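Numbering (our numbering), first residue to last: 115 to 494. By construction, the Cβ of each residue, glycine as well, lies at the ideal position given by its N, Cα and C atoms. Remember, predicted model here, so these are calculated numbers, not experimental data. A short write-up of the structure that comes next.
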Amino acid sequence: AGAIPDHSRAYRLDTDRVQSLVGMEIPAEEQRKTLTALGFELDGDMAHVPSWRPDVLGEADLVEEVARIASLTKLQGKPLPRTTTGVPKAILTPMQKREQIARRTMASLGYNECVTYSFIDRKSAELFGGGDDATMLENPISSDMSHMRPDLLAGLLQAAKRNQARGFSDMALFEVGPAFHGGEPEEQNLQVAGLLVGRTGPKDLHGSSRSVDLFDAKADVEAVLAALGAPAKVQILRDGSNWWHPGRHGRICLGPKKMLGVFGEVHPKTLAEMDVKGPAVAFTIWPAEIPMPRNASATRPALHLNDLQAVERDFAFVVDANVEALTLVNAAAGADKALIENVHVFDEFIGGSVGEGKKSLAITVRLQPTDATLTEKDIE
Numbered sequence: 115a116g117a118i119p120d121h122s123r124a125y126r127l128d129t130d131r132v133q134s135l136v137g138m139e140i141p142a143e144e145q146r147k148t149l150t151a152l153g154f155e156l157d158g159d160m161a162h163v164p165s166w167r168p169d170v171l172g173e174a175d176l177v178e179e180v181a182r183i184a185s186l187t188k189l190q191g192k193p194l195p196r197t198t199t200g201v202p203k204a205i206l207t208p209m210q211k212r213e214q215i216a217r218r219t220m221a222s223l224g225y226n227e228c229v230t231y232s233f234i235d236r237k238s239a240e241l242f243g244g245g246d247d248a249t250m251l252e253n254p255i256s257s258d259m260s261h262m263r264p265d266l267l268a269g270l271l272q273a274a275k276r277n278q279a280r281g282f283s284d285m286a287l288f289e290v291g292p293a294f295h296g297g298e299p300e301e302q303n304l305q306v307a308g309l310l311v312g313r314t315g316p317k318d319l320h321g322s323s324r325s326v327d328l329f330d331a332k333a334d335v336e337a338v339l340a341a342l343g344a345p346a347k348v349q350i351l352r353d354g355s356n357w358w359h360p361g362r363h364g365r366i367c368l369g370p371k372k373m374l375g376v377f378g379e380v381h382p383k384t385l386a387e388m389d390v391k392g393p394a395v396a397f398t399i400w401p402a403e404i405p406m407p408r409n410a411s412a413t414r415p416a417l418h419l420n421d422l423q424a425v426e427r428d429f430a431f432v433v434d435a436n437v438e439a440l441t442l443v444n445a446a447a448g449a450d451k452a453l454i455e456n457v458h459v460f461d462e463f464i465g466g467s468v469g470e471g472k473k474s475l476a477i478t479v480r481l482q483p484t485d486a487t488l489t490e491k492d493i494e
């Protein structure tokens, strides 16, 4: 009963192949003994496969059997050969380096990174300026993943909603990834987005926490921009997108048209639509809009210290209520660019003796002489 065992399959045993395929030095005689012990019949260089080993189908399988018995734990690690000498060139592009810097900076600020889906539902996409046919998927995973996200903030708010549903009321989330404004490859841009929800910290014996506000988002977005190499002098303008709270957000720009980022309080209506309990502040940065350094240098420029004492003076101006503080700051800084080092607002007063439709803005002007110490007459 039964069939005659099939010994017709035979493959050539090349003892040098163990070194080339596995990287192990095994004597030829030991290889032959190993195969014989496993039931292979050797006839010269040919190894006849036993009938109970249908898995052996070639010369490489013979090498595998020899290496398996000799134990792969004997393999020694060897570095790959280098094609060139010296220090290799950087393999990351400038934009990839900025992605790494952004992630490290956000983590150092206490944010937790999210990796959300690039697809969201139409309703959420429409809240952030998307939801059109150009970003609609032909075969979505589900009905709530029908469109490509127009802004990372949509995914972060959805993540905040899920965390709140599980009892986490205070959170700091961020994500680095692409946002989409069309179906073509060039119609997407890299964003760095951060979201703060709830309070600045838990209840503590040594101090009290407070609700997050737009100045928390402003401080964090400025820290990330500085780490990415953005210029220190930027403009903060209004008139952002409609998912930001009017009057409680700002666009960080280099000139009126080049926008580096935006920060502020998320509109209560947007929070209600996303089913997120506020307060919530956020920011978005477009790393590609940050100018690249003109001359890359491994060293910093020499530090020039002025031995003359700087002088600070406070001034108050009564202006119309609709005049932005930035207008006054720029006007004061432009009075003498060589002498005035810094101007900043420290107080605003509305009502009382100022009059209706007016406000009083107080600024501090820092004067830094270069040739001689300033006298009271010079300051006046």
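In the structure shown, I234 adopts extended strand secondary structure according to DSSP, grouped into three states.
Unbroken alpha helix (DSSP H) runs of no fewer than 4 residues, entirely contained in the stretch 328 to 354, are found at 328 to 341, following chain order. For the set T441, L481, F429, A307, the Cα lying nearest the Cα of K451 is the one of L481. Within its own chain, the residues whose Cβ lies closer than 8 Å to the Cβ of L149, once the five positions on either side in sequence are excluded, are L127, L156, A161, L176, E179, V180, listed in chain order.
With 16 or more neighbouring CB atoms inside 10 Å of its own CB, E289 falls in the buried class.
Per DSSP, S474 is one residue of the beta strand (DSSP E) stretching across 472 to 481. Its chain contains A274, M285, A394 as the residues whose beta carbon lies nearer than 6 Å to that of V311, once the 5 sequence neighbours on both sides are disregarded; these appear in chain order.
Selection A439, A424, L422, Q423 evaluated against A430 yields A439 as nearest (Cα-Cα). Taking every protein chain shown into account, the CB of Q272 has 16 or more other CB atoms within 10 angstroms, so this residue is buried. Under the DSSP definition of a beta bridge, Q302 partners with F294. Residue burial annotation: W166 is exposed, with fewer than 16 other C-beta atoms found within 10 angstroms of its C-beta. Taking 7 Å as the cut-off, the beta carbon of P264 is found no closer than this to the beta carbon of G291. Around the beta-carbon of D334, 16 or more other beta-carbon atoms lie within 10 Å, marking it buried. Counting only runs that start and end inside the stretch 393 to 480, the alpha helix (DSSP H) elements of at least 4 residues fall at 439 to 447. For the alpha helix (DSSP H) assignment, the uninterrupted runs of no fewer than 4 residues enclosed by the stretch 167 to 207 are, from N- to C-terminal side, 173 to 184.
When secondary structure is reduced to three states using DSSP, R123 falls in the coil class, being assigned neither helix nor strand.
Taking the C-beta atoms as reference points, W357 is found nearer than 7 Å to L241. Rounded to whole angstroms, the Cβ separation of G245 and R236 is 5 Å, and the two are in contact under 8 Å. E470 and F463 have their C-alpha atoms some 12 Å from each other.
Our two residues, E227 and R217, have alpha carbons roughly 8 Å apart in a direct line. Between the stretch 482 to 492 and the stretch 412 to 428, the count of Cβ pairs shorter than 8 Å is three or higher; the stretches touch.
The closest CA to that of S355, considering only V338, A340, M373, A346, is found on M373. Annotation: D327 to G378 spans about 8 Å, alpha carbon to alpha carbon.
At least 7 Å separates the beta-carbon of V443 from that of S474. The alpha carbon of A174 has as its nearest neighbour, out of E301, C367, R131, G269, the alpha carbon of R131. Bounds of the alpha helix (DSSP H) holding G269 are 266 to 279. The DSSP-derived three-state label of V311 is strand. Annotation for M388: no beta strand (DSSP E) segment contains it, though the alpha helix (DSSP H) segment containing it runs 382 to 388. Proximity to G361 across H381, C367, K317 peaks at H381, based on C-alpha coordinates. Looking only at M220, T219, L251, the smallest Cα-Cα distance to S232 is reached by L251. For R276 and D258, the gap between their C-alpha atoms comes out near 15 Å. Between G153 and P164, the gap from beta carbon to beta carbon is short of 7 Å. The Cβ atoms of A396 and L267 sit closer than 7 Å to each other.
Around the C-beta of I205, fewer than 16 other C-beta atoms lie within 10 Å, and the residue is accordingly described as exposed.
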